[in-house]
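Just so we're on the same page, the working numbering is the position in the sequence shown counted from 1, plus 25. Backbone N, C-alpha and C define an ideal beta-carbon position, used for all residues, glycine too. Step one of this worksheet: look at the structure below.
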Amino acid sequence: MRAYYHDGNNEVDFTADHDSGIEVTLADLDKVGVLYYHLETEEEVNTVAKQREYRNRDVITLKESTFPGGVELYREKLNVFYQEHLHEDEEIRYILDGEGFFDVRDSEDRWIRTKLSKGDLLILPLGIYHRFTLTDQNYVQLLRLFKDEPKWTALNRPVDQNLFREQYLQSIGAK
Ligand code: KMT
Ligand code: NI
Numbered sequence: 026m027r028a029y030y031h032d033g034n035n036e037v038d039f040t041a042d043h044d045s046g047i048e049v050t051l052a053d054l055d056k057v058g059v060l061y062y063h064l065e066t067e068e069e070v071n072t073v074a075k076q077r078e079y080r081n082r083d084v085i086t087l088k089e090s091t092f093p094g095g096v097e098l099y100r101e102k103l104n105v106f107y108q109e110h111l112h113e114d115e116e117i118r119y120i121l122d123g124e125g126f127f128d129v130r131d132s133e134d135r136w137i138r139t140k141l142s143k144g145d146l147l148i149l150p151l152g153i154y155h156r157f158t159l160t161d162q163n164y165v166q167l168l169r170l171f172k173d174e175p176k177w178t179a180l181n182r183p184v185d186q187n188l189f190r191e192q193y194l195q196s197i198g199a200k
């Protein structure tokens, strides 16, 4: 995993690195409520899942040539994931294979880009604005973990009056 500020250049392909060269540390991520772990084995994932009471999971593979439903649906899915949004529950993702970018907003509304690869586990707090895209490998296989039933609903920005959003801002001391 590497985290850095996004360069803000939206003219080139969003799967490019967009590396501003400004590093973001694990402590910086922690300040916005984002947790990161590197776990070598699925056994370790199971241990964390148990500790944090993640009872459900599924696997999603994003690859154009094998995507169920075909290319159109694949592209649509990627567009949805790249729309800035939040959830009313944690978003927990473990990379089984391939790579992906999770972008999260810092307390001053700047994009922090995290580049994740095999063995990386990222936990986004409820209420944080974020988005996801593939790297230029154009392939990722992810384990999605859930506390209880999956809450898929993505609330696209702006949802600033959302209770979970307000709760989140308070939790990071931004409000
Ligand atoms: C989501 O809500 O699923 C996302 O933010 C996309 C990351 S998982 C492909
Ligand atoms: Ni999300």
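| said: Taking the straight line between their C-alpha atoms, what separation do you get for Leu167 and Ala52? | reply: By one-based count along the sequence shown, residue 167 stands at place 142. By one-based count along the sequence shown, residue 52 stands at place 27. Near 24 Å, if we compare the C-alpha coordinates of Ala52 and Leu167.
| query | How many Å lie between Tyr61 and Phe126 at the Cα? | reply | Stepping through the sequence shown from its first residue, residue 61 is reached at position 36. Stepping through the sequence shown from its first residue, residue 126 is reached at position 101. The alpha-carbon atoms of Tyr61 and Phe126 are separated by roughly 13 Å.
| query | Going by the CB atoms, is the gap between Arg118 and Tyr154 shorter than 9 Å? | reply | On the sequence shown, position 129 is the one that residue 154 refers to. On the sequence shown, position 93 is the one that residue 118 refers to. Not a contact, by the Cβ cut-off of 9 Å.
| message | Suppose you measure from the CA of Asn187 to the CA of Trp177; what does that come to, to the nearest Å? | response | By one-based count along the sequence shown, residue 187 stands at place 162. By one-based count along the sequence shown, residue 177 stands at place 152. Straight-line Cα distance between these residues: approximately 16 Å.
| request: Flag this pair as yes or no: are the beta carbons of Tyr107 and Arg156 separated by less than 9 Å? | output: Stepping through the sequence shown from its first residue, residue 107 is reached at position 82. Stepping through the sequence shown from its first residue, residue 156 is reached at position 131. Yes, these two residues count as a Cβ contact at 9 Å.
| Looking at Gly152 and His112, is the spacing between their C-beta atoms short of 9 Å? | Residue 112 sits at position 87 when you count from the first residue of the sequence shown. Residue 152 sits at position 127 when you count from the first residue of the sequence shown. Contact flag set, yes.
| request: Keeping to the same chain, check which residues put their C-beta closer than 7 Å to that of Val184; ignore five residues upstream and five downstream. | output: By 1-based counting over the sequence shown, the position of residue 184 is 159. Residues Leu111 and Arg190 of the same chain have their beta carbon placed closer than 7 Å to that of Val184, with the five preceding and five following residues left out of the count.
| query | In terms of residues, what are the limits of the beta strand (DSSP E) holding Arg82? | reply | Reading the sequence shown from its first residue, position 57 is the one you call residue 82. Looking at the DSSP string, the run of the beta strand (DSSP E) that includes Arg82 is Asn81 to Lys88.
| In the segment 43 to 80, which residue ranges form an unbroken alpha helix (DSSP H) of at least 4 residues, counting only runs that do not cross its ends? | Runs found: 51 to 56 and 67 to 76.
| task | Say whether the segment 132 to 142 touches the segment 86 to 97, bearing in mind that this needs 3 or more beta-carbon pairs closer than 8 Å, one atom from each stretch. | result | When C-beta atoms of the segment 132 to 142 are compared with those of the segment 86 to 97, fewer than three pairs fall below 8 Å, so the two segments do not count as touching.
| query | Does the beta-carbon distance from Asp128 to Thr91 come in below 9 Å? | reply | Residue 128 sits at position 103 when you count from the first residue of the sequence shown. Residue 91 sits at position 66 when you count from the first residue of the sequence shown. Their beta carbons are not under 9 Å apart, which means Asp128 does not touch Thr91 by this criterion.
| task | Quick one: give me the first and last residue of the beta strand (DSSP E) that Glu124 is part of. | result | The sequence position of residue 124 within the sequence shown is 99, counting from 1. For Glu124, the enclosing beta strand (DSSP E) covers residues Glu116 to Arg130.
| So what does DSSP say about Leu146, is it helix, strand or coil? | Translated into the one-based positions of the sequence shown, residue 146 becomes position 121. Reduced to three states, the DSSP call for Leu146 is strand.
| Which residues share a DSSP beta bridge with Tyr164? | For this step, residue 164 is matched to residue 139 along the sequence shown. Looking at the DSSP assignment, Tyr164 forms a beta bridge with Lys88.
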